[in-house]
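Undergrad: Attaching a single structure in structure tokens format; questions to follow.
Numbering (this note's numbering), first residue to last: 105 to 336.
Right, dumping it as structure tokens:
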């Protein structure tokens, strides 16, 4: 009886999530990534003035990657995190770098080849799915990208499917607090930490912890893929 109730509630949540995503939560949010100028974004993304680049080593540490693991860099952009992950998981591991922009993926493929990162697999995903095989990754990483999910429940469903049982999810994004956050954040970022956490939990994940890496105006959340209820 308990298991039946759990299955019913889960099915209801998924159904509501799919229904809610029939329309974009923020039309046009990804227009600038239809044909991005890669060299411009390399300058923007890979500079010490950017908090996540400055704290990149500490961020990588939060993933607790080990040799042989498979990790997905979702919304990989210029791919600098993918390159760092490559060293962590080693030759027997895999790094799936996915992005909606062909330009970024071509750049990552070129960079991977130049630096001999044979374990990096770059591919274009869709705005609704990361396009990864079921239970193919141990860790999913979403950095400064969740607020760009135009169809968050669809995207999160695909990530949930791609993660192995007990797989972990790390999200880094901007705090959005009216009266505190700067104007750019309020205008650009769709939702704050609370909404992000609620949407991810509704998508089948449990919040494990929030980490303080000293990045002003940004948060780091760790989730784990929720396990199915035991047979009662």
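We put the beta carbon where it would ideally sit given N, CA and C, even for glycine. Since we're looking at a predicted model, the values are computed, not measured.
With residue 270 and residue 328 assumed to form a contact (beta carbons below 8 Å), what rounded beta-carbon distance in angstroms separates them?
TA: Along the chain shown, read from residue 1 onward, the residue named residue 270 stands at position 166. Along the chain shown, read from residue 1 onward, the residue named residue 328 stands at position 224. 6 Å between Cβ atoms; contact.
Undergrad: Please name the residue, chosen from 182, 274, 264 and 132, that lies closest to residue 238 on a Cα-to-Cα basis.
TA: Looking up residue 238 in the chain shown gives position 134. Closest option to residue 238, Cα to Cα, is 264.
Undergrad: Compare the C-alpha of residue 176 against each of 244, 254, 277 and 323 and name the closest.
TA: As a position in the chain shown, residue 176 is number 72, starting the count at 1. Ranking the options by Cα distance to residue 176, first place goes to 244.
Undergrad: Do residue 130 and residue 171 have their C-beta atoms within less than 8 Å of each other?
TA: Position 26 of the chain shown holds residue 130. Position 67 of the chain shown holds residue 171. Going by C-beta atoms, residue 130 is not nearer than 8 Å to residue 171.
Undergrad: Look up residue 133 in the DSSP assignment and say whether it is helix, strand or coil.
TA: What you label residue 133 is simply residue 29 of the chain shown in a count that begins at 1. In the structure shown, residue 133 sits in coil (DSSP, three-state: anything other than H, G, I, E or B).
Undergrad: Give me whichever residues DSSP pairs with residue 281 in a beta bridge.
TA: Against the chain shown, residue 281 aligns to sequence position 177. According to DSSP, residue 281 bridges with nothing at all.
Undergrad: Are the beta-carbon atoms of residue 162 and residue 317 separated by less than 8 Å?
TA: Position 58 of the chain shown holds residue 162. Position 213 of the chain shown holds residue 317. Against a cut-off of 8 Å, the Cβ pair of residue 317 and residue 162 comes out as a contact.
Undergrad: What is the DSSP secondary structure of residue 125, counted as helix, strand or coil?
TA: For this step, residue 125 is matched to residue 21 along the chain shown. Only weak support exists for where residue 125 lies, its pLDDT of 46 falling under 50; the coordinates are left without a value.
Undergrad: Does the Cβ of residue 153 have 16 or more other Cβ atoms within 10 Å, making it buried, or fewer, making it exposed?
TA: As a first step, residue 153 is located in the chain shown; it is residue number 49 there, counting from the start. Exposed.
Undergrad: Tell me the rounded alpha-carbon separation between residue 145 and residue 312.
TA: Residue 145 sits at position 41 when you count from the first residue of the chain shown. Residue 312 sits at position 208 when you count from the first residue of the chain shown. Their Cα atoms are separated by approximately 32 Å.
Undergrad: Using the beta-carbon count (16 or more within 10 Å), is residue 323 buried or exposed?
TA: The residue labelled residue 323 in the question sits at position 219 within the chain shown. Label assigned to residue 323: buried.
Undergrad: Taking the straight line between their C-alpha atoms, what separation do you get for residue 205 and residue 276?
TA: Residue 205 sits at position 101 when you count from the first residue of the chain shown. Residue 276 sits at position 172 when you count from the first residue of the chain shown. Distance between the alpha carbons of residue 205 and residue 276: 20 Å.
Undergrad: Take the Cβ of residue 141 as the centre, count every other Cβ of all protein chains shown within 10 Å, and call the residue buried at 16 or more, exposed below.
TA: To locate residue 141, count along the chain shown from 1; it is residue 37. When all chains shown are included, residue 141 counts as exposed.
Undergrad: Can you tell me whether residue 127 is buried or exposed? The criterion is at least 16 other CB atoms within 10 Å of its CB, across all chains shown.
TA: Numbered from its first residue, the chain shown carries residue 127 at position 23. Result: exposed.
Undergrad: Would you call the stretch 184–203 in contact with the stretch 217–231, where contact means no fewer than 3 C-beta pairs closer than 8 Å?
TA: Yes: at least three Cβ pairs fall under 8 Å.
Undergrad: Indicate the three-state DSSP secondary structure (helix, strand or coil) for residue 328 in the structure shown.
TA: In the chain shown, residue 328 corresponds to position 224, counting from 1. Strand at residue 328.
Undergrad: Only counting runs of 4 or more residues, tell me where the alpha helix (DSSP H) segments fall wholly within the stretch 203–255, in order along the chain.
TA: You should have 206–218.
Undergrad: Express the C-alpha separation of residue 279 and residue 319 in angstroms, rounding to a whole number.
TA: In the chain shown, counting from the first residue as 1, residue 319 sits at position 215. In the chain shown, counting from the first residue as 1, residue 279 sits at position 175. C-alpha separation (whole angstroms): 10 Å.
Undergrad: Among the residues of its own chain, which have a CB less than 7 Å from the CB of residue 301, if the five just before and after it don't count?
TA: Taking the first residue of the chain shown as position 1, residue 301 is located at position 197. Once the five neighbours on either side are set aside, the close Cβ partners of residue 301 are 311 and 325.
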